[in-house]
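Asks: I'd like to ask some things about the structure below.
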Amino acid sequence: MDFKKQWNAWIWQVLYVSFIGYLGRVCAQLHYTIVEESEPGTLVGNVAHDLGLNAEQIFERRLRLGSEESRRYFVFRLETGDLLLNEKIDRESLCGLSSSCMLPVELIIEKPLELFRLFIEVLDINDNSPHFVNNVRLIKIAELAAPGLRFPLENAIDEDVGTNAVNSYEMSPSQYFSLNVKQLKDGKLFPELVLESALDREEIAEHKLILTALDGGHPVRSGTTKITVQVLDNNDNPPTFDQSVYKISLLENIVPGTLLIKLNATDLDEGPNSEIEYSLEDHSLNSVGKLFKLDPYTGEIHVQGRIDYEDSSFYEIYVRARDKGVPVMEGHCVIQVEIEDSNDNAPEVYVTSLENSIPENTPTGTVVGLFNIIDRDSGRNGEVHVELPAGIPFKFKSFENHYSLITDGVLDRELKPQYTIYLVATDLGLPPMNTKRTIVLNISDVNDNPPVFSHHYFNAYIYENNVPGILLCSLFATDADEGENAKLKFSVSETYIAGSPVSSYLYINENSGKVYAQRSFNYEHIQLLEVKVFVEDAGFPKLKTNATLYIFILDQNDNHPKILYPVLTREAIEHQRISRPVSAGYLITKVTAVDADSGYNAWLSYSILESSDPSMFKVAPHTGEIRMMRSLLESDESLYTILVLVKDNGHPALSSTATIYVSFEEVVHDETPKSQDYQTAYTEPSDMTLYLIISLVAVSTVSVITFIVLTVRCLRTNNDQSICKCFGGSERNEFQCHHQPTLQLTSDGTLKYMEVKTLTRPTNQCYSTCISPALERTDFTFLRPLDFPQLKDILNDEESFSIN
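Residue numbering for the sequence shown follows this note's numbering, starting at 97 and increasing by one per position.
Following this line, the structure appears as structure tokens:
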């Protein structure tokens, strides 16, 4: 029946504490109770339910026990969310004689990181019986002792607490003695034997008594000790202390050997009956015998052990003084020692949970670490202030002696990839004591930086007729991220140039950014390639940046000069008929040629390679005009052959030749009208002029179209503020625009002049070959040079110019 009542009471206690735990969930604390000595596997409580977590959240947020001590006594079952007992708990070994036994348990959940503290109260059961240190106690009392005299008895020890501890004392009935129980300052019961009536040794020399200690548990447990009272004759005055109770304050950590107190007891007897010897009571020997030493002859008590306020703040030393009479008489006193706390313990920092690394996009207020900071001192000596270095995006948030390290600002791995946090915990004692702890926190990368080209524009220069596969230039790009987020991939836009895809012109290595030619370029067909290039990282999401690549095709001297006039074919050879007489300086004819190349490669010069009479003819080196060097004599031949060499200024120079036959004829006078002569005179040149017009119109049309396209591109490029050379050049607006030669014709179709122009930033330089507009043989033809720059001078102006 009693067991059933006790079980019902236990059920109500569990329900009550569970309700209190449910209310405490709001403040992240749960309270449970469990009876000591419960079997392993006993249910403590459904923690998941009380925290408001379902089964899926338990696994996702990795609900687990935090400390080793928690995992020693308890186990958490993920399947049900139950907290179970892992091993039996002995309250007495865990909490000693403390009236309350609370076992803190830490629970950690992630995403976000949180700490919950469970307070599990271990309830005491009455599993220990009171017992005495000595089974037999001998007390010697003189027969002349006056009634009312008190003799301290040994108090019983019970490891249980509360109502299960020693609750009362009983003694076997006696007409000579009674039992008096007084309560000490610490709540303990102290039994005393009281002499009720005078003793007569001759009547009863020895009294046998039994002292019983009872606890308040259910069922009641008890322990006994035997008391033997010997009635002694004579010595009828016991030693008497100056005070029955001494109160002393003692600072902890006092140096061993320090005098605590010197006791003084007096005996009114004389001789051996007044000689006093001091000793500790038996129960004091067990509790304070290692800390204090009593001199049996002087009564001095010295400190002999380490006094620590954190172990105990109060001690009671029970001392007796015995004389050497017969029978032995004794007196008693108690020394109550209050231990004063000193700031002798530095704060202790324990890391409960700490993230090794956090992503740089972690939001402000995220918990990254949990710490437990304890100071074993009391009062202000035990109050702790925690400091973090200034200027870091972290701060502490405290709850009792628990601290959360949370983010307090924006993190940027590119600016600071790692934080070394020096935590300093300082108490408020005098002098203050502190503990330093170093925390290393790595910032992991997220893909928040796009790749960046070294320049917005890249220029590459290559001579025509290149070998396919040759390196054009290398693109440089960087990414401030790391790992996969900084792994770069280069590509080119999928567009078309002159009807062909870009990939048919060039190839870009996606890993190195090197650009190679896919074909052999021809300057006469294309002079500039404008391509969009891209660089993309491998992060998530992928980030991309673009730049513009300009590839300039440079001219090579790969075209021979083409002679436009005289028109030379295999079927017809140009034959010049000149009427006599002819004077010096007379214009015989003019050789006109063009070169499909540009620049110096198209700058032509004329010379006579071979002549029937070297003294007869000369050719203007720049205009190609063939004139008489002297007047024609009557003795001179009528037919002459001139081999004219037309050579460009390239390296190596290319040339063409024209063979001209000149015949000098006598003037024949006939009756044909002048109009007919005029018509006949110009019949032959008219055919030549027709062919020349057709050729020049075709060449001019191609040249004008090419000139317009290049002019538009040059103007559009010149509008850009920064054009960077390939391989890291930094000069601006260094764009060069090469133009095809421009042919200008006269109204009758003959060549007027040819213009070859190169545009650069500082100056415009132009070369014009000028020919007189009329067809008369005596027209003056002149050359107007305008300082055409050498190609090597143009290229040397580019500091980082590279030609492949």
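Idealized CB from N, CA, C, for every residue including glycine.
Give the range of the alpha helix (DSSP H) segment to which Tyr646 is assigned.
Replies: Walking along the sequence shown from the start, residue 646 turns up at place 550. Segment 640 to 650 is the beta strand (DSSP E) holding Tyr646; no alpha helix (DSSP H) there.
Asks: Measure the C-alpha to C-alpha separation of Leu199 and Asp471 and round it to an integer number of angstroms.
Replies: Position 103 of the sequence shown holds residue 199. Position 375 of the sequence shown holds residue 471. Spanning the two alpha carbons is a distance of roughly 18 Å.
Asks: Provide the residue span of the alpha helix (DSSP H) that contains Val384, from first to last.
Replies: If you number the sequence shown from 1, residue 384 lands on position 288. Note, Val384: alpha helix (DSSP H), 378 to 384.
Asks: Using the beta-carbon count (16 or more within 10 Å), is Gln339 buried or exposed?
Replies: Here residue 339 corresponds to residue number 243 of the sequence shown, with the count starting at 1. Answer is exposed; the Cβ neighbour count stays below 16.
Asks: Pick from Ala716, Asn561, Lys585, Asn605: whose alpha carbon is nearest that of Ser616?
Replies: In the sequence shown, the residue the question calls residue 616 occupies position 520. For Ser616, the nearest C-alpha among the options comes from Asn561.
Asks: If you drop the 5 nearest sequence neighbours on each side, which residues of the same chain put their C-beta closer than 6 Å to that of Gly450?
Replies: Residue mapping note: residue 450 aligns to position 354 of the sequence shown, counting from 1. Note that residue 450 is Leu in the sequence shown here, rather than Gly. Correct list, in chain order: Gly465.
Asks: Tell whether a beta-carbon distance below 8 Å holds between Ala241 and Leu181.
Replies: Mapped onto the sequence shown, residue 241 falls at position 145. Mapped onto the sequence shown, residue 181 falls at position 85. Not in contact: Ala241 and Leu181 (Cβ atoms no closer than 8 Å).
Asks: Short of 7 Å in beta carbon distance, which residues of its chain neighbour Val122, apart from the five on each side in sequence? Order them along the chain.
Replies: Taking the first residue of the sequence shown as position 1, residue 122 is located at position 26. Because the pLDDT of Val122 is 35, which lies under 50, any placement of that residue in the model is unreliable, and the number read from its coordinates should be weighed accordingly. Closer than 7 Å at the Cβ level, and outside the excluded window around Val122, lies no residue.
Asks: Please confirm whether Ile659 and Gln672 have their CB atoms less than 8 Å apart.
Replies: Here residue 659 corresponds to residue number 563 of the sequence shown, with the count starting at 1. Here residue 672 corresponds to residue number 576 of the sequence shown, with the count starting at 1. For Ile659 and Gln672, no; Cβs fall outside 8 Å.
Asks: Put Leu280 into one of helix, strand or coil per three-state DSSP.
Replies: In the sequence shown, the residue the question calls residue 280 occupies position 184. Three-state DSSP puts Leu280 in coil, outside helix and strand.
Asks: Work out the CA separation of Ser679 and Ser731 for me, nearest whole Å.
Replies: By 1-based counting over the sequence shown, the position of residue 731 is 635. By 1-based counting over the sequence shown, the position of residue 679 is 583. So the two alpha carbons sit approximately 14 Å from each other.
Asks: Does the region 501 to 521 come close enough to the region 530 to 538 to have 3 or more Cβ pairs within less than 8 Å?
Replies: In short, these stretches touch, since the Cβ pair count reaches three.
Asks: Considering only the alpha carbon of each residue, which of Ile801, Arg416, Ile235 lies closest to Ile431?
Replies: Residue mapping note: residue 431 aligns to position 335 of the sequence shown, counting from 1. Among Ile801, Arg416, Ile235, the Cα nearest to that of Ile431 belongs to Arg416.
Asks: Looking at C-alpha atoms only, which residue of Phe713, Tyr557, Lys420 is the closest neighbour of Leu705?
Replies: Here residue 705 corresponds to residue number 609 of the sequence shown, with the count starting at 1. Among Phe713, Tyr557, Lys420, the Cα nearest to that of Leu705 is on Phe713.
Asks: What does the alpha-carbon distance come out to for the pair Leu376 and His498?
Replies: Start at 1 with the first residue of the sequence shown, and residue 376 comes out as number 280. Start at 1 with the first residue of the sequence shown, and residue 498 comes out as number 402. Their Cα atoms are separated by approximately 44 Å.
Asks: Between Glu626 and Thr644, which are expected to be in contact by the criterion C-beta below 8 Å, what is the C-beta distance as a whole number of angstroms?
Replies: Along the sequence shown, read from residue 1 onward, the residue named residue 626 stands at position 530. Along the sequence shown, read from residue 1 onward, the residue named residue 644 stands at position 548. That belief holds up - the Cβ atoms of Glu626 and Thr644 are roughly 7 Å apart, short of 8 Å.
Asks: Could you check the C-alpha separation between Ala749 and Leu584 for me, to the nearest Å?
Replies: Walking along the sequence shown from the start, residue 749 turns up at place 653. Walking along the sequence shown from the start, residue 584 turns up at place 488. Taking the straight line from one Cα to the other gives about 47 Å.
Asks: Could you name the residues of the same chain whose beta carbon sits closer than 6 Å to that of Leu188, not counting the 5 residues immediately before and after it, in chain order?
Replies: Within the sequence shown, numbered from 1, the residue matching residue 188 stands at position 92. Note that residue 188 is Glu in the sequence shown, not Leu. Correct list, in chain order: Glu255.
Asks: Please list the terminal residues of the continuous beta strand (DSSP E) segment that includes Leu126.
Replies: Here the question's residue 126 lines up with position 30 in the sequence shown. Counting along the chain, the beta strand (DSSP E) containing Leu126 begins and ends at 125 to 131.
Asks: Nearest-angstrom Cα distance between Asp575 and Val563?
Replies: Indexing the sequence shown from 1 puts residue 575 at position 479. Indexing the sequence shown from 1 puts residue 563 at position 467. The straight-line gap from Cα to Cα measures roughly 33 Å.
Asks: On a Cα-Cα basis, can you pick out the residue from Arg213, Asn263, Ile674, Ile306 that is closest to Ser759?
Replies: Locating residue 759 in the sequence shown gives position 663, where the first residue counts as 1. Out of Arg213, Asn263, Ile674, Ile306, Ile674 has the C-alpha closest to the C-alpha of Ser759.
Asks: Would you identify the three-state DSSP class for Gly141, choosing helix, strand or coil?
Replies: The residue you call residue 141 lines up with position 45 of the sequence shown. Gly141: strand per DSSP, three-state reduction.
Asks: Using three-state DSSP, classify Thr321 as helix, strand or coil.
Replies: Here residue 321 corresponds to residue number 225 of the sequence shown, with the count starting at 1. In this structure, Thr321 counts as strand in the three-state DSSP scheme.
Asks: DSSP beta-bridge partners for Pro208?
Replies: As a position in the sequence shown, residue 208 is number 112, starting the count at 1. Pro208 pairs with nothing; no bridge assigned.
Asks: DSSP has Phe467 in a bridge; who is on the other side?
Replies: As a working note, residue 467 is residue 371 in the sequence shown. Partner(s): Val447, Tyr499.
Asks: Would DSSP call Glu165 helix, strand or coil?
Replies: In the sequence shown, counting from the first residue as 1, residue 165 sits at position 69. Helix, per DSSP.
Asks: So what does DSSP say about Leu847, is it helix, strand or coil?
Replies: Looking up residue 847 in the sequence shown gives position 751. The predicted position of Leu847 is uncertain, since its pLDDT is 47 and thus under 50; no value can be drawn from it.
Asks: Tell me which residue opens and which closes the alpha helix (DSSP H) that Phe286 is part of.
Replies: The residue given as residue 286 occupies position 190 in the sequence shown. Unbroken run through Phe286 is the beta strand (DSSP E), 285 to 291; no alpha helix (DSSP H).
Asks: Using 8 Å for Cβ pairs, my map puts Ile350 next to Ile216. What's the rounded Cβ distance?
Replies: As a first step, residue 350 must be located in the sequence shown, where it is residue number 254. As a first step, residue 216 must be located in the sequence shown, where it is residue number 120. Not confirmed; about 37 Å, so no contact.
Asks: Assuming contact is defined by CB atoms lying nearer than 8 Å, are Leu624 and Gln614 in contact in what I supplied?
Replies: Reading the sequence shown from its first residue, position 528 is the one you call residue 624. Reading the sequence shown from its first residue, position 518 is the one you call residue 614. No, the Cβ-Cβ distance between Leu624 and Gln614 is not below 8 Å.
Asks: Tell me which residues share the same chain as Arg418 and place their Cβ nearer than 6 Å to its Cβ, disregarding the 5 neighbours each side in the sequence.
Replies: Taking the sequence shown and counting its residues from 1, the one referred to as residue 418 is at position 322. Here the set comprises Glu373, Val424, Glu426.
Asks: Buried or exposed, going by whether 16 or more other CB atoms sit within 10 Å of the CB of Asp709?
Replies: As a working note, residue 709 is residue 613 in the sequence shown. Looking at its Cβ environment, which holds fewer than 16 other Cβ atoms inside 10 Å, Asp709 is exposed.
Asks: What do you reckon, are the CB atoms on Val715 and Ser727 nearer than 8 Å?
Replies: In the sequence shown, residue 715 corresponds to position 619, counting from 1. In the sequence shown, residue 727 corresponds to position 631, counting from 1. Against a cut-off of 8 Å, the Cβ pair of Ser727 and Val715 comes out as no contact.
Asks: Does Tyr619 pass the burial test, meaning 16 or more other C-beta atoms within 10 Å, or should it be called exposed?
Replies: Locating residue 619 in the sequence shown gives position 523, where the first residue counts as 1. Buried is the call here.
Asks: Ordered along the chain, which non-local residues of its own chain (more than five positions away) have a Cβ less than 8 Å from that of Glu606?
Replies: The count along the sequence shown starts at 1 and reaches residue 606 at position 510. Closer than 8 Å at Cβ, skipping near neighbours: Lys585, Phe586, Ser587.
Asks: Scan the region 469 to 547 and note each continuous beta strand (DSSP E) run of 3 residues or more that stays entirely inside, going in chain order.
Replies: Runs found: 480 to 483, 490 to 495, 498 to 503, 514 to 523, 530 to 540.
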